Each structure stands twice: as C-alpha cells, then as structure tokens.
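In the working numbering, the protein residues as written are 100 to 366.
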Amino acid sequence: MSTQETPFPDLPNIGIKFPHSPITVAAFAYSKEHTSEMTYNHCVRSAYWALILAKKLPNFASASASSPPLNLETVVLTNILHDMGWATTKEILSKDKRFEVDGANLAHEFIRRYAQEGGEGAEKWKNDRHRVHIIWDAIALHTTPSFALHHPAPEVALAHMGIMVDFSGPKFGDGNVITEKEYREVVRYFPLAGFGVEKMKVTLCGLCREKPETTYDNIVGQFGLEFGLDGKGGGKEEFREGMERQDPVKPMLDGLRYLEELLAREG
100 MSTQETPFPD LPNIGIKFPH SPITVAAFAY SKEHTSEMTY NHCVRSAYWA
150 LILAKKLPNF ASASASSPPL NLETVVLTNI LHDMGWATTK EILSKDKRFE
200 VDGANLAHEF IRRYAQEGGE GAEKWKNDRH RVHIIWDAIA LHTTPSFALH
250 HPAPEVALAH MGIMVDFSGP KFGDGNVITE KEYREVVRYF PLAGFGVEKM
300 KVTLCGLCRE KPETTYDNIV GQFGLEFGLD GKGGGKEEFR EGMERQDPVK
350 PMLDGLRYLE ELLAREG
C-alpha cells in the first residue's frame with residue numbers, strides 16, 4: 100500500500116515509517132464514522148507514540164527481534180480503535196459496560212466483520228484468534244496500567260504506553276523519551292481538536308452521568324467525584340452517594356463475618 104492510499108503519513112523528520120495495512124485504514128474510517136475528531140485524532144496519535152516507543156525503549160526493541168516478534172500492526176490497530184467506547188453514535192454502545200469494554204467489543208466485532216466480508220488482507224484475520232484476543236485485552240485494559248504493563252503480550256503494554264503519551268507528551272516517563280520535536284510533528288498531522296482538560300471532563304463526566312454503575316470502580320469515577328456529572332461540579336453528591344452504595348468493602352467484610360459466625364456456631 101502506497102502512502103498516497105493511506106491516511107497515515109510516514110514522518111521522516113522524526114524517523115517514523117508507519118506500518119501501513121488495509122485493515123488499519125478501514126479501522127480509521129470506522130473510527131471517523133462513529134467518533135469525534137478529538138477522539139479519532141487522539142487514537143491515531145497514540146499509534147504514532149507507540150511506534151516511537153517501540154524504537155526507543157529497550158524492552159520493545161528486543162521484543163521486535165524475538166520469536167515471535169512484536170507485532171506492530173496489532174499495536175496500531177489496537178490504538179486506532181481503543182476509544183470506540185467514546186462513540187458519538189450512541190446506539191452502538193452498551194448501557195451496562197465500561198467504555199473500555201465497549202471499545203474492546205466493538206473492535207472485536209469490526210475485525211470479525213472485516214474478515215467475513217473479505218476486506219483486503221482479511222484472510223490472515225479469519226483464523227488468528229490469538230491476535231484478536233490480544234487486541235481485546237489491550238483495549239479493555241488500556242486505562243489500567245497495573246494490568247496492561249504486566250500482560251504477557253508486549254503489544255498490550257506498548258499500546259497502553261502509546262495512549263498514555265498522548266496525555267503527557269514530552270513529560271512522559273522520565274521526560275527523556277518523547278522529544279518536543281516529535282510531539283509537535285505528530286500533532287501537526289493529527290491536531291488536538293479540543294483534546295484537553297475541559298473536553299476530557301465533558302467526556303468522562305458524561306459517562307458518569309449516562310451509566311454511572313460502570314464508572315464507580317475505575318478512573319472515570321474519579322472524574323465524577325471531582326467534577327460531578329456535568330464537568331462543572333453539578334451532581335457531585337448524587338454521584339458520591341451512588342459510589343458509596345456500590346462500595347465492595349462492606350459487603351465483602353459482612354460476608355466474611357457471617358461465615359465466621361456460621362462456623363463458630365455449634366453444628
């Protein structure tokens with residue numbers, strides 16, 4: 100595939116050659132159909148950051164030379180689809196699942212459909228359940244570093260780190276991984292389009308408002324506690340009360356006390 104046929108340019112100024120493939124182009128079109136410019140640009144930028152990290156960080160560089168090697172197409176496809184759970188097409192989203200799980204399920208379904216419909220290069224996706232499972236895991240775990248960074252598939256950690264770079268740029272890690280030149284070059288091709296503090300509040304607090312039960316045990320819920328249901332503080336107490344009702348600690352301890360008392364009673 101030539102660069103004239105792909106929306107993902109190589110960036111020779113910073114030494115990045117994008118691993119072009121038909122399914123990643125189709126995935127980007129799917130993302131553009133169902134998410135905002137802020138979201139789909141963020142997703143593509145995260146793919147570029149992952150490619151940069153793969154070259155710079157020794158653990159990923161060595162994985163690229165291992166057998167089987169680090170699969171960059173898998174990483175890129177993961178990153179492009181990772182925030183489908185922020186879709187503006189609300190009917191494709193669940194009412195009872197975390198946005199990360201929605202994204203993982205939508206990516207899984209997209210790949211299945213692409214393979215069934217015979218898209219270019221589809222044959223290799225028909226029977227490669229391992230890669231599809233890696234993509235599901237990587238998307239479902241992308242906001243949970245304590246899982247993602249320790250997954251046995253290096254693609255999961257690399258996809259997660261690429262996503263995290265988009266929230267910190269040159270400050271990522273120890274501040275010596277992503278240069279300002281690299282950051283500006285990627286953003287020049289895929290602008291922020293509002294990706295910042297206020298839009299993040301609106302997006303994540305919106306999830307707290309629309310399906311709060313999916314947010315209580317994760318980072319999204321912290322936005323609800325801090326910024327309410329509208330991103331401006333409205334509904335904070337309502338959300339806090341809902342989170343407290345779902346606190347797993349009390350039911351867990353109550354259950355253990357019951358079992359202790361049960362066994363302490365004479366049979």
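Positions of the beta carbon are idealized from the N, C-alpha and C atoms, including for glycine.
All figures in this text were calculated on a predicted structure; none of them were measured in a lab.
- By the neighbour-count criterion, in which 16 or more other beta carbons inside 10 Å mark a residue as buried, T313 falls on the buried side.
- In this structure, G320 is the residue among D353, G320, G330 with its C-alpha nearest to the C-alpha of E340.
- Residue state for I151 is assigned as helix, using DSSP reduced to three classes.
- With the rule of 3 Cβ pairs closer than 8 Å, the stretch 115-135 counts as touching the stretch 181-196.
- Judged by DSSP secondary structure, Q345 falls outside any alpha helix (DSSP H); it is assigned neither H nor E.
- Ranking I318, G330, L205 by CA distance to the CA of H133 puts L205 first.
- Looking only at W235, L192, K280, the smallest Cα-Cα distance to A258 is reached by W235.
- DSSP places I234 within a helical segment (H, G or I) once states are collapsed to three.
- In the DSSP assignment, F127 falls within the unbroken alpha helix (DSSP H) covering 121-133.
- Here D201 is buried. Its C-beta has 16 or more other C-beta atoms within 10 Å.
- Nearest to T138 by alpha-carbon distance, out of A292, S161, S193, is A292.
- Straight-line measurement puts the Cα of C304 at about 10 Å from the Cα of K310.
- By DSSP's assignment, L110 forms a beta bridge with I115.
- With respect to the C-alpha of P167, the residue from I179, A203, P251 having the closest C-alpha is P251.
- Straight-line measurement puts the Cα of R211 at about 9 Å from the Cα of V231.
- In this structure, I233 sits away from V264, with a CB-CB distance that is not shorter than 8 Å.
- In the three-state DSSP reduction, K270 falls in the helix class (H, G or I).
- Check the Cα spacing between F326 and each of D346, N317, V301: the tightest is with V301.
- Of the candidates F338, K223, H141, T188, F338 places its Cα closest to the Cα of R308.
- DSSP, reduced to helix, strand and coil, places T314 outside both helices and strands of the structure shown, so it counts as coil.
- Nearest neighbour of R144 by Cα position, chosen from P244, L176, I191, turns out to be L176.
- In the structure shown, S161 falls within a helical segment according to DSSP collapsed to helix, strand and coil.
- DSSP, read as helix, strand or coil, puts A247 in helix.
- Sequence-distant partners of A221 (beyond 5 residues in either direction) whose C-beta falls short of 7 Å from its own C-beta, in its chain, are Y213, A214.
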